[in-house]
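Okay, so here's the structure we're looking at.
Protein chains: 2
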Amino acid sequence: MDIFMAPGSVAIIGASRKTDKGSFNLIENMRSFGFQGKIYPVNPLAREIMGLKTFRSVSEIKEPVDLAVISTPREQVPDMAEECAASGIKGAIVVPQGFADADDEGKALQDRLTSISRQRGIRILGPNTLGTVNAFSGFTSSFMPLKREKVPVGIICQSGIFFVGAPMFTGMMGKGIDVANGCDLDFADALEYFEGDDQIQVIFAHIEGMNRGRRFLEVAGRVTPKKPVIALKCGRTERGARAALSHSGSLVGKHEVFEAAFRQAGVVPAADPEEVLDYTRAFLNLRPMSGNRVGIVTFSGAGGIILIDALQEYGLETAQLSSRTTGMIKELSPAWMPIGNPMDIWPALMKHGIEHVYRTALRGMLEDPGVDGVICIAIAPELPGQEHLDAREVIRGAASDFPEKPVVAFLYGHHQDAASKVLEKGGHVVSVPTLPRAARTLAMLHERGRFLREKACA
Amino acid sequence: MDIFMAPGSVAIIGASRKTDKGSFNLIENMRSFGFQGKIYPVNPLAREIMGLKTFRSVSEIKEPVDLAVISTPREQVPDMAEECAASGIKGAIVVPQGFADADDEGKALQDRLTSISRQRGIRILGPNTLGTVNAFSGFTSSFMPLKREKVPVGIICQSGIFFVGAPMFTGMMGKGIDVANGCDLDFADALEYFEGDDQIQVIFAHIEGMNRGRRFLEVAGRVTPKKPVIALKCGRTERGARAALSHSGSLVGKHEVFEAAFRQAGVVPAADPEEVLDYTRAFLNLRPMSGNRVGIVTFSGAGGIILIDALQEYGLETAQLSSRTTGMIKELSPAWMPIGNPMDIWPALMKHGIEHVYRTALRGMLEDPGVDGVICIAIAPELPGQEHLDAREVIRGAASDFPEKPVVAFLYGHHQDAASKVLEKGGHVVSVPTLPRAARTLAMLHERGRFLREKACA
Numbered sequence: 047m048d049i050f051m052a053p054g055s056v057a058i059i060g061a062s063r064k065t066d067k068g069s070f071n072l073i074e075n076m077r078s079f080g081f082q083g084k085i086y087p088v089n090p091l092a093r094e095i096m097g098l099k100t101f102r103s104v105s106e107i108k109e110p111v112d113l114a115v116i117s118t119p120r121e122q123v124p125d126m127a128e129e130c131a132a133s134g135i136k137g138a139i140v141v142p143q144g145f146a147d148a149d150d151e152g153k154a155l156q157d158r159l160t161s162i163s164r165q166r167g168i169r170i171l172g173p174n175t176l177g178t179v180n181a182f183s184g185f186t187s188s189f190m191p192l193k194r195e196k197v198p199v200g201i202i203c204q205s206g207i208f209f210v211g212a213p214m215f216t217g218m219m220g221k222g223i224d225v226a227n228g229c230d231l232d233f234a235d236a237l238e239y240f241e242g243d244d245q246i247q248v249i250f251a252h253i254e255g256m257n258r259g260r261r262f263l264e265v266a267g268r269v270t271p272k273k274p275v276i277a278l279k280c281g282r283t284e285r286g287a288r289a290a291l292s293h294s295g296s297l298v299g300k301h302e303v304f305e306a307a308f309r310q311a312g313v314v315p316a317a318d319p320e321e322v323l324d325y326t327r328a329f330l331n332l333r334p335m336s337g338n339r340v341g342i343v344t345f346s347g348a349g350g351i352i353l354i355d356a357l358q359e360y361g362l363e364t365a366q367l368s369s370r371t372t373g374m375i376k377e378l379s380p381a382w383m384p385i386g387n388p389m390d391i392w393p394a395l396m397k398h399g400i401e402h403v404y405r406t407a408l409r410g411m412l413e414d415p416g417v418d419g420v421i422c423i424a425i426a427p428e429l430p431g432q433e434h435l436d437a438r439e440v441i442r443g444a445a446s447d448f449p450e451k452p453v454v455a456f457l458y459g460h461h462q463d464a465a466s467k468v469l470e471k472g473g474h475v476v477s478v479p480t481l482p483r484a485a486r487t488l489a490m491l492h493e494r495g496r497f498l499r500e501k502a503c504a
Numbered sequence: 047m048d049i050f051m052a053p054g055s056v057a058i059i060g061a062s063r064k065t066d067k068g069s070f071n072l073i074e075n076m077r078s079f080g081f082q083g084k085i086y087p088v089n090p091l092a093r094e095i096m097g098l099k100t101f102r103s104v105s106e107i108k109e110p111v112d113l114a115v116i117s118t119p120r121e122q123v124p125d126m127a128e129e130c131a132a133s134g135i136k137g138a139i140v141v142p143q144g145f146a147d148a149d150d151e152g153k154a155l156q157d158r159l160t161s162i163s164r165q166r167g168i169r170i171l172g173p174n175t176l177g178t179v180n181a182f183s184g185f186t187s188s189f190m191p192l193k194r195e196k197v198p199v200g201i202i203c204q205s206g207i208f209f210v211g212a213p214m215f216t217g218m219m220g221k222g223i224d225v226a227n228g229c230d231l232d233f234a235d236a237l238e239y240f241e242g243d244d245q246i247q248v249i250f251a252h253i254e255g256m257n258r259g260r261r262f263l264e265v266a267g268r269v270t271p272k273k274p275v276i277a278l279k280c281g282r283t284e285r286g287a288r289a290a291l292s293h294s295g296s297l298v299g300k301h302e303v304f305e306a307a308f309r310q311a312g313v314v315p316a317a318d319p320e321e322v323l324d325y326t327r328a329f330l331n332l333r334p335m336s337g338n339r340v341g342i343v344t345f346s347g348a349g350g351i352i353l354i355d356a357l358q359e360y361g362l363e364t365a366q367l368s369s370r371t372t373g374m375i376k377e378l379s380p381a382w383m384p385i386g387n388p389m390d391i392w393p394a395l396m397k398h399g400i401e402h403v404y405r406t407a408l409r410g411m412l413e414d415p416g417v418d419g420v421i422c423i424a425i426a427p428e429l430p431g432q433e434h435l436d437a438r439e440v441i442r443g444a445a446s447d448f449p450e451k452p453v454v455a456f457l458y459g460h461h462q463d464a465a466s467k468v469l470e471k472g473g474h475v476v477s478v479p480t481l482p483r484a485a486r487t488l489a490m491l492h493e494r495g496r497f498l499r500e501k502a503c504a
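So this is what it looks like as structure tokens:
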């Protein structure tokens, strides 16, 4: 879909003369994000905006225009879309609110946009949208300032909160498409675009409701064997569904139906934003798990028990370690120390030092044919006197030598974030904030592995 | 219980001569934590440790000793405990592992400790414990370096992971008691100690299993109307329970029984570590909710819908706002904008600025008799160009003027943590990482309110 590509030239219809703080000036924002293409402001009341010659209407622009961004009051939007089509513009992003998300008049205006799109062949994204963001090309139609991150994560959503708030959901965003009210282009179109986009490896979809669910599932069924798609379905509850109807003006559907259909199509459903975050990071850095047997290396018996609970709750097995694997740590531990899985290495490391003991335990597990993935518990060694409990180098090294078995870590102590970033360098390990989230992440990677194996055999 | 108090003088039995990096030297650690009391190292092989005269045995110490910390090999521990009792020492912390957490011999050694305690009147904490931490007095028996934070949070646990990893659970720790294997002192004793401790306002208990559950519940029933007690029950699943048995050597019991009994006693059960964190912070800063009706101020319709789902899932109501409350924002919004709860103030604030609009909306809700608590959605205004979307000052001001209605915030954007710290200054608002956690926190404060009202009427 051309409209999703990085445009070379953009007309900004309803460009604002106000700039600087609190103005939400789109042109200013496009420039500071790094857009290098041509910008044609359209505003009949201005002669010049931010050093650019303005046009009274799009028809006055004599050069070719790839994309129009329409930001006028809602009443004028359909005429503007008509004019874009008449001027040969193939795509328009309609930013304003006040359509199917508002009142009956807004619904009628949106219906007109749909007809214009159908009849004139102009593709429309929106209304009620921040449009698209492309950190690779530097294009954004968002009037909200965003950080430019060239990362292979594509977001499809129905609200700007996922652009500005990407750190709270996927953690990062390389490209974004806000389908919003979806008067023309919708989830399936956006997903199809990311399907063919080599810069995008992981796709996240925030979905309140969709009108062409069947087509979305068809596209998803084609995409998911190649690229993971995570979906956060909102409007799950009765009250939430009612609210979604008025927010994006789309029908919501029964949550159970969605979830079953998603799973069938290989889409990974997320129940809350933290799942989105953990799963995105896992997909970017770890391979799917080839079985459900998890090994645990721990400093702490209590941490191991929290994990055993979580593994059982998420349908994973605590791996039966081979006697070779346990034997190596038994040798390093006091005779009375029971060694199993979770493997508590504390007494051993007090005697033999962390490097030797953690490496022996973790490599032993990764070599053990009875283990499909490992959770590492270790200290975030940021306090003075904890440096000698730093297992991060060992964990990272082992994980990078055994990429076929995913390793998820939980670091505890002050400055978990900073300590985790060091551990994650190189992309061999994912470090999560809590132990249950470590188990849940591996459970998802196990599901993903099962899905891919089924697809490979089908 | 004297053993939990800050001791003036401590004998360290089995004091190590090794110091510095990786030595886990307790005396070194006590000093760097800030302990000002007297330390008597006991080690028959040394003359002097860290500038302190050593003793061949506790009986050689002629001054009064408040507390002994025993760190010898396990076989020697019972004799050392006997000797302490003979020397008039009233309390001992037994650090080493290898007791009921290990093998049959360990179990027998632990039974001997229990008998010594009963017969000789010496109270014992442990074995297999980091002992106690008291940031107020500067005492710690932990050989692991810890941060000293004078905060009113007391932790009772069965593992050192909750001391070192306090930031991952309660977020902070002012005092800690690791009851560990609990050969003598147990949860009820620790809870009773915190009951009478004015420096502690919120209590967290990590529980794998306990032998005197009835007494714990009795004490809890007395404490919870005065101070909130949060419990993380581990070993919930069948496999987890088996593991807990071997970790701390205690019986675990059916999870459902625990949970029902906890609730009856007013203990707040937490299902995962993030609940512990959110609830601790909520108890420290917010009052209980007097009803279940929640108002939502939001920049984003989609964020509102995520919350509506979460409120319904956690048993709360989306408040019916008075026409006065909605009217004030309707006046500031375009005519087509539906204004209700969640209250989407985006169009209004684009026109009238964030300060005026956010203040009007939030104060309106806090004044509305149909609202018992509020969730604020706002941007974490840390990117250039977002400064004019900074609602933090307004939120903090309104929340501090209406302390009887708890306000929880969700800030989205890069640097959520830093932005939240600013918002939380003064302790009027709690800012959480995700929207579902905001709803869950208010649901807990609603439960707490209901419990306290029931107690007040009983």
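Sequence order for the protein chains is H and U. The opening position of the first sequence corresponds to residue 47 in the working numbering, with each subsequent residue numbered one higher. The opening position of the second sequence corresponds to residue 47 in the working numbering, with each subsequent residue numbered one higher. We treat Cβ as the ideally placed atom computed from N, Cα and C, and that holds for glycine.
Cβ-Cβ distance between residue i and residue j below 8 Å
| i | j | result |
| --- | --- | --- |
| residue 459 of chain H | residue 78 of chain U | no |
| residue 226 of chain H | residue 247 of chain H | no |
| residue 177 of chain U | residue 141 of chain U | yes |
| residue 480 of chain H | residue 318 of chain U | yes |
| residue 276 of chain U | residue 325 of chain U | yes |
| residue 221 of chain U | residue 265 of chain U | no |
| residue 278 of chain H | residue 343 of chain H | no |
| residue 424 of chain H | residue 345 of chain H | yes |
| residue 172 of chain U | residue 135 of chain U | no |
| residue 206 of chain U | residue 188 of chain U | yes |
| residue 441 of chain U | residue 395 of chain U | no |
| residue 478 of chain U | residue 454 of chain U | yes |
| residue 328 of chain U | residue 485 of chain U | no |
Chain H within 8 Å of residue i, Cβ atoms only
| i | result |
| --- | --- |
| residue 282 of chain U | yes |
| residue 77 of chain U | no |
| residue 361 of chain U | no |
| residue 40 of chain U | Outside the modelled stretch of chain U, which goes from 47 to 504, sits residue 40 of chain U, for which no answer is possible. |
| residue 396 of chain U | yes |
| residue 214 of chain U | yes |
| residue 300 of chain U | no |
One or two residues paired with residue i in a DSSP bridge
| i | result |
| --- | --- |
| residue 186 of chain U | U/179 |
| residue 169 of chain H | H/137 |
| residue 113 of chain H | H/56 |
| residue 101 of chain U | U/88 |
| residue 316 of chain U | U/278 |
| residue 224 of chain H | H/203 |
| residue 94 of chain H | H/99 |
| residue 252 of chain H | H/278 |
| residue 420 of chain H | H/341 and H/453 |
| residue 49 of chain H | According to DSSP, residue 49 of chain H bridges with nothing at all. |
| residue 425 of chain H | H/458 |
Cutoff 8 Å: residue i Cβ touching any chain U Cβ
| i | result |
| --- | --- |
| residue 373 of chain H | no |
| residue 41 of chain H | No information on residue 41 of chain H is available, as it lies outside the stretch 47 to 504 that chain H covers here. |
| residue 58 of chain H | no |
| residue 318 of chain H | yes |
| residue 366 of chain H | no |
**Report entry** alpha helix (DSSP H) runs wholly inside the stretch 325-392 of chain H, at least 4 long, in chain order
**Finding:** Listed in chain order, the complete alpha helix (DSSP H) runs (minimum 4 residues) inside the stretch 325-392 of chain H are 347-359 and 369-376.
Report task. List in chain order: all unbroken beta strand (DSSP E) runs of 3+ residues lying wholly within the stretch 439-494 of chain H. Result -> Qualifying beta strand (DSSP E) stretches, in chain order: 453-458 and 475-477.
Query - the stretch 409-417 of chain U / the stretch 358-378 of chain U touching (three or more Cβ pairs under 8 Å) - result: Cβ pair count under 8 Å is three or more, so yes.
Query raised in the report: Touching or not, the stretch 256-275 of chain U and the stretch 209-218 of chain U, by the rule of three or more beta carbon pairs under 8 Å?
Result: Short answer: they don't touch.
Query - At least 3 beta-carbon pairs within less than 8 Å: the stretch 95-114 of chain H vs the stretch 142-156 of chain H - result: Fewer than three Cβ pairs drawn from the stretch 95-114 of chain H and the stretch 142-156 of chain H lie within less than 8 Å of each other, which leaves the two stretches out of contact.
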